[in-house]
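Peer 1: Here it is, the structure, as structure tokens.
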Amino acid sequence: MPRPNHHFLNFMGKSETIWPREFECPANLPEELISQASVESTQKVQALFLAAFQELSAKWEASARLDALYRQVLLLSNRCDMLEHLKTISVPIETFAPEPYNLIKPFHVVVRFEQDQYIASFYDANLSDSGDTQEEAVSNLKDILLSTYDILTGMSEDELGPGPLQQRKVLEEFVRKES
Amino acid sequence: MAVITKELALAIVKKLKAQIVTGRKAHDIALVHHEGKLIATFGIRRGSRKDQGHGHIPSAIFVRTSQAKLLGECPMSRDEWLQVLRSKLKI
Numbered sequence: 000m001p002r003p004n005h006h007f008l009n010f011m012g013k014s015e016t017i018w019p020r021e022f023e024c025p026a027n028l029p030e031e032l033i034s035q036a037s038v039e040s041t042q043k044v045q046a047l048f049l050a051a052f053q054e055l056s057a058k059w060e061a062s063a064r065l066d067a068l069y070r071q072v073l074l075l076s077n078r079c080d081m082l083e084h085l086k087t088i089s090v091p092i093e094t095f096a097p098e099p100y101n102l103i104k105p106f107h108v109v110v111r112f113e114q115d116q117y118i119a120s121f122y123d124a125n126l127s128d129s130g131d132t133q134e135e136a137v138s139n140l141k142d143i144l145l146s147t148y149d150i151l152t153g154m155s156e157d158e159l160g161p162g163p164l165q166q167r168k169v170l171e172e173f174v175r176k177e178s
Numbered sequence: 000m001a002v003i004t005k006e007l008a009l010a011i012v013k014k015l016k017a018q019i020v021t022g023r024k025a026h027d028i029a030l031v032h033h034e035g036k037l038i039a040t041f042g043i044r045r046g047s048r049k050d051q052g053h054g055h056i057p058s059a060i061f062v063r064t065s066q067a068k069l070l071g072e073c074p075m076s077r078d079e080w081l082q083v084l085r086s087k088l089k090i
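In order, the protein sequences belong to chains F and D.
First residue of the first sequence? That's 0 in numbering that gives the first Met the number 0, and the numbers climb one at a time after it.
First residue of the second sequence? That's 0 in numbering that gives the first Met the number 0, and the numbers climb one at a time after it.
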């Protein structure tokens, strides 16, 4: 009966024999080598191998599970950071101190994160400003709000288009310059 | 990086032929006039960084961020911008 041809293709694509042809298959070992003692040893080795394999498998599974959990935690952490940035907050404006302006009534500005910067907006007056932090954006908005108030109140109504005119009306409801 | 940078903001100022006045602390103010009337204002943050974010400008000039970018980068002209404002009854 022809023996199976054990060979493999090496990296060059050339067929090579794995082991010497006379020991090509364990089933072809001479009978005298297979004694009772060697069978027992083989069984012990098999049992040990099986135990070691099972232990390694369990460890590998635990490691894979931990790895998957680590990835999920990392993903959630990143999403939390992103949501933290995207969160829109409402900030009450209650004073313009130390600037010489009175706040007639408090109002809220909305701060949102957009394209690597914070944008603070007072929508009623269509005024917004940006900053690298939420505090800077709000501070910049207060600054632009007072500058815009000064400019618009220094002009007559005839000189203002619909947008700035509306802005002035809104600002005059909230801001008054100290006399 | 911010879409509307200081560099782009200054290009928009030029495109809209805005007049720059000195603001209070952190800004200069750009004033855009049309037919003798002030039609839009926006702040230009002081500072040397060219990539400084100016994401507040689109809403101040009544356009979307993409349109503000077109204004700064050239494809949209001042007249086309005025047309947008006309459609929104801002002039």
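By construction, the Cβ of each residue, glycine as well, lies at the ideal position given by its N, Cα and C atoms.
Hey, how far is the Cα of K176 of chain F from the Cα of Q66 of chain D?
Peer 2: Roughly 36 Å separates the two Cα atoms.
Peer 1: How is L164 of chain F classed by DSSP in three states: helix, strand or coil?
Peer 2: L164 of chain F: helix per DSSP, three-state reduction.
Peer 1: Going along chain D, which residues have a C-beta under 8 Å from S146 of chain F?
Peer 2: Chain D residues near S146 of chain F: G22, R23, H26, I28, G42.
Peer 1: Is A46 of chain F helix, strand or coil by DSSP?
Peer 2: Residue state, collapsed to three classes: helix.
Peer 1: Can you give, in chain order, each stretch of the beta strand (DSSP E) that sits fully within the stretch 120-149 of chain F and has at least 3 residues?
Peer 2: Taking only runs of at least 3 residues, the beta strand (DSSP E) segments lying wholly in the stretch 120-149 of chain F are 126-130.
Peer 1: Check V31 of chain D in the structure and name its three-state DSSP category.
Peer 2: Three-state DSSP puts V31 of chain D in a strand.
Peer 1: So, helix, strand or coil for H6 of chain F, using DSSP?
Peer 2: Legend: pLDDT at H6 of chain F = 49, less than 50; position of this residue unreliable, value from coordinates given subsequently. Strand, per DSSP.
Peer 1: On the criterion of 16 or more Cβ atoms from any shown chain inside 10 Å, does S40 of chain F qualify as buried, or is it exposed?
Peer 2: Answer is exposed; the Cβ neighbour count stays below 16.
Peer 1: Below 8 Å CB to CB, which residues in the same chain sit around A119 of chain F once its five sequence neighbours on both sides are set aside?
Peer 2: If we look at A119 of chain F and ignore the five residues flanking it on each side, its Cβ neighbours are V90, V108, V109, V110, S127, D128, S129, G130, Q133, A136, V137, N139, L140.
Peer 1: Using DSSP's beta-bridge definition, name the partner residues of L39 of chain D.
Peer 2: Residue identity check: residue 39 of chain D is Ala in the sequence provided, not Leu. In DSSP, A39 of chain D forms a bridge with D:V31.
Peer 1: For a test of the three-state rule: what should DSSP assign to P91 of chain F, helix, strand or coil?
Peer 2: Note: P91 of chain F maps to strand in three-state DSSP.
Peer 1: Whole angstroms is fine: what's the gap from H5 of chain F's alpha carbon to L73 of chain F's?
Peer 2: Because the pLDDT of H5 of chain F is 47, which lies under 50, any placement of that residue in the model is unreliable, and the number read from its coordinates should be weighed accordingly. For H5 of chain F and L73 of chain F, the distance between alpha carbons rounds to 47 Å.
Peer 1: When the Cβ atoms of the stretch 31-40 of chain D are set against those of the stretch 159-166 of chain F, are three or more pairs found closer than 8 Å?
Peer 2: A contact exists between the stretch 31-40 of chain D and the stretch 159-166 of chain F.
Peer 1: Quick one: what's got a C-beta closer than 6 Å to Q114 of chain F's C-beta in the same chain, skipping five residues either side?
Peer 2: Nothing listed; no residue qualifies.
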